[in-house]
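Protein chains in written order, with our numbering: chain A, 1 to 214; chain B, 215 to 429.
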Amino acid sequence: MLEIKNLKKSFDGRQILNGVDLTVEDGQILCIVGPSGAGKTTLLRCITGLEAADSGEFLIDGQPFDPKGMEASDAVMGVVFQDFNLFPHLSVLENITLAPQLVLKEAKAAAEQRGLDLLDQLGLEDKGGLYPYQLSGGQKQRVAIARALAMKPKILCYDEPTSALDPQLRDEVATLLLKLKAQGMTQLVVTHDMDFAEKIADKLLKVTALDQKG
Amino acid sequence: MSINYISEILPSLLNGTKLTLSLFFWTLIGSLPLGILVSIGLTSKFKPLQWILNFYVWLMRGTPLLLQLIFVFYGLPIIGVVFQRYEAALFAFILNYAAYFAEIFRGGFQSINYGQYEGARVLRLSYFQTLRKIIIPQVVKIVIPSIGNEVINLVKDSSLVYVIGLGDLLRAGNVATSRDVTLVPLLMVGVIYLILVGICTYLLKKVEQRYAYYK
């Protein structure tokens, strides 16, 4: 279970997040929704340690953790970026197995076996040898998911998972996230797409734009 | 122009070519890694380091290489730093080319999308691992054409070492030309440079092809 209490963040004196609380139960999907500019992505970036929060408490299974200092801890967060940020010079399988080998010190053969299993699970069994530029948007997203899962995260976070894809792929993404949920994955999804959020979420968190000057 | 004459002076030209090539290789081996390091320093957030490196690049690009050679060989001994001729040439060439390479690499680093760093970060790669496995391989692909230009320049720039009395290819040709009063040696020098640059061009194409597997 992930708990965040009283998270605050401002940029240049402009308050973006003012005391956000949220809880994600194990195996559930929390959707963070709201109009663009409301600070959804900033919230996600604070939780995943890409941005330093000004203040706030972060707890995972009741234990405090520092999102900025996750190099030292067990894998906590996996992140699937809006435009995926795959590594273009590495094959699909190398994208997935690089971090497990370098960071978790897994043996190459073990990492590759797990990578192939993940690809299999995500319907990409014949794509391991391809490079990102050879994939469609939906396939890139699934590679990004596999890459994040390979690090055995406790929570998988998505930034706008539907916005870089064709509209007709939206339902496919929803099915995929629900499938991962059925496997017990805890997921946190930032989206501006209400219909999509209602389809997948166990809980919704609405973020509204604060416009007061700090 | 007789075949006899050509075969007579060819050994001395090839001897000069040896020096040209050795200067070429060692300059590349020294200045490419140094250029990468300097380019990383140029983008560092530590301002004093940035100032120093910017000054260095300005100095190296702002004065003729010929002048730098003279200063290293004849000037530095005044403050007690003495180099042999060949080492002086190598020192000046490495410092000079590293400055150009650093600017090329800096451009390469800046063209990498910041998302690549964040992608590596959430996978918990260290900064060093990110550079080595993610960033530098992509930078290399981007900079190969510009580096290639400098590499080809270097083949010919090496002829500047005559100024500190080193016997390279061009100097060997010059010596033969003034001794025998004929342009044939210089014509041969031109042909040898063309062959060297031809080989460089071919190798650079091969390297480019090696990186063509992704877009």
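We put the beta carbon where it would ideally sit given N, CA and C, even for glycine.
Within the same chain, show all residues whose beta-carbon is closer than 7 Å to that of B/Gly-381, passing over the 5 residues directly before and after it, in chain order. Answer for B/Gly-381: Gly-230, Leu-233, listed in chain order.
When burial is assigned at 16 or more other CB atoms within 10 Å of the CB, is A/Asp-159 buried or exposed? Flag for A/Asp-159 reads buried.
8 Å Cβ cutoff, A/Gly-214 in contact with chain B: Below a pLDDT of 50, predicted positions are generally treated as unreliable, and A/Gly-214, at 38, falls in that range; no measurement from the model is reported.
For my contact list, A/Tyr-133 and A/Pro-67 are in at a C-beta cut-off of 8 Å; report their separation, rounded to the angstrom. With 8 Å as the limit, A/Tyr-133 and A/Pro-67 do not qualify as a contact, their Cβ atoms being about 31 Å apart.
Taking DSSP as the reference, what is the three-state secondary structure of A/Pro-35? coil
Whose Cβ in chain B lies nearer than 9 Å to the Cβ of A/Val-103? Leu-337, Arg-338, Leu-339, Ser-340, Gln-343
Are the CB atoms of A/Thr-191 and A/Val-24 nearer to each other than 8 Å? For A/Thr-191 and A/Val-24, no; Cβs fall outside 8 Å.
Pick from A/Ala-99, A/Ile-145, A/Ile-29: whose alpha carbon is nearest that of A/Leu-119? A/Ile-145
Can you pull the DSSP bridge partners for A/Thr-186? A/Ile-155
Does the Cβ of B/Lys-347 have 16 or more other Cβ atoms within 10 Å, making it buried, or fewer, making it exposed? buried
Looking at chain B, which residues of the stretch 152 to 166 of chain A have a Cβ within less than 7 Å of any of its Cβ atoms? The residues in question: there are none.
Cα-Cα separation between B/Ile-349 and B/Leu-256, rounded to whole angstroms: Each residue's alpha carbon lies about 16 Å from the other.
N- and C-terminal bounds of the alpha helix (DSSP H) containing B/Asn-310: 299 to 324
In terms of alpha-carbon separation, which member of B/Tyr-314, B/Ile-413, B/Ser-340 lies closest to B/Ser-245? B/Ser-245 has its Cα closest to that of B/Tyr-314, out of B/Tyr-314, B/Ile-413, B/Ser-340.
Is B/Leu-368 closer than 8 Å to B/Tyr-311 when the C-beta atoms are compared? yes
Under 8 Å Cβ to Cβ from A/Val-189, same chain only, skipping five residues before and after it: list those, please. The beta carbon of A/Val-189 sits closer than 8 Å to those of Ile-29, Leu-30, Cys-31, Ile-32, Cys-157, Tyr-158, Pro-161, Leu-177, Ala-197, Ile-200, Ala-201, all from its chain and outside the five residues before and after it, given in chain order.
I want to verify the contact list: residues of chain B whose CB lies under 7 Å from the CB of A/Val-33, in sequence order. Result: empty, since nearest Cβ-Cβ is about 22 Å, beyond 7 Å.
Using the rule of at least 16 other Cβ atoms within 10 Å of the residue's Cβ for burial, across every protein chain shown, is B/Leu-281 buried or exposed? exposed
Only counting the same chain, and skipping five residues up and downstream in sequence, which positions put a Cβ closer than 7 Å to that of B/Glu-332? none
Who does A/Ser-10 pair with in a DSSP beta bridge? Paired residue(s): A/Gln-15.
Cβ neighbours of A/Ile-96 in the same chain (closer than 6 Å, five flanking residues each side left out): Within the same chain, Gly-115, Ala-146, Arg-147, Ala-150 come within 6 Å of A/Ile-96 by CB-CB distance, once the 5 residues on both sides are set aside.
What three-state label does DSSP hand A/Lys-127 in the structure shown? coil
Measure the alpha-carbon distance for A/Asp-195 versus B/Ser-340 and round it to whole angstroms. Rounded to the nearest angstrom, the two C-alpha atoms are 39 Å apart.
Close-in-space but distant-in-sequence residues of the same chain around A/Gly-123 (CB under 8 Å, 5 per side omitted): Spatial neighbours of A/Gly-123 in its own chain (CB-CB distance under 8 Å, excluding positions within 5 residues in sequence) are listed in chain order as Arg-142.
Can you say whether A/Pro-224 is buried or exposed, counting buried as having 16 or more other CB atoms within 10 angstroms of its CB? Missing from the structure shown is residue 224 of chain A; chain A here goes from 1 to 214 and no further.
In chain order, what residues of the same chain have a beta carbon less than 7 Å from the beta carbon of B/Leu-228, not counting five sequence neighbours either side? Correct list: empty, nothing qualifies.
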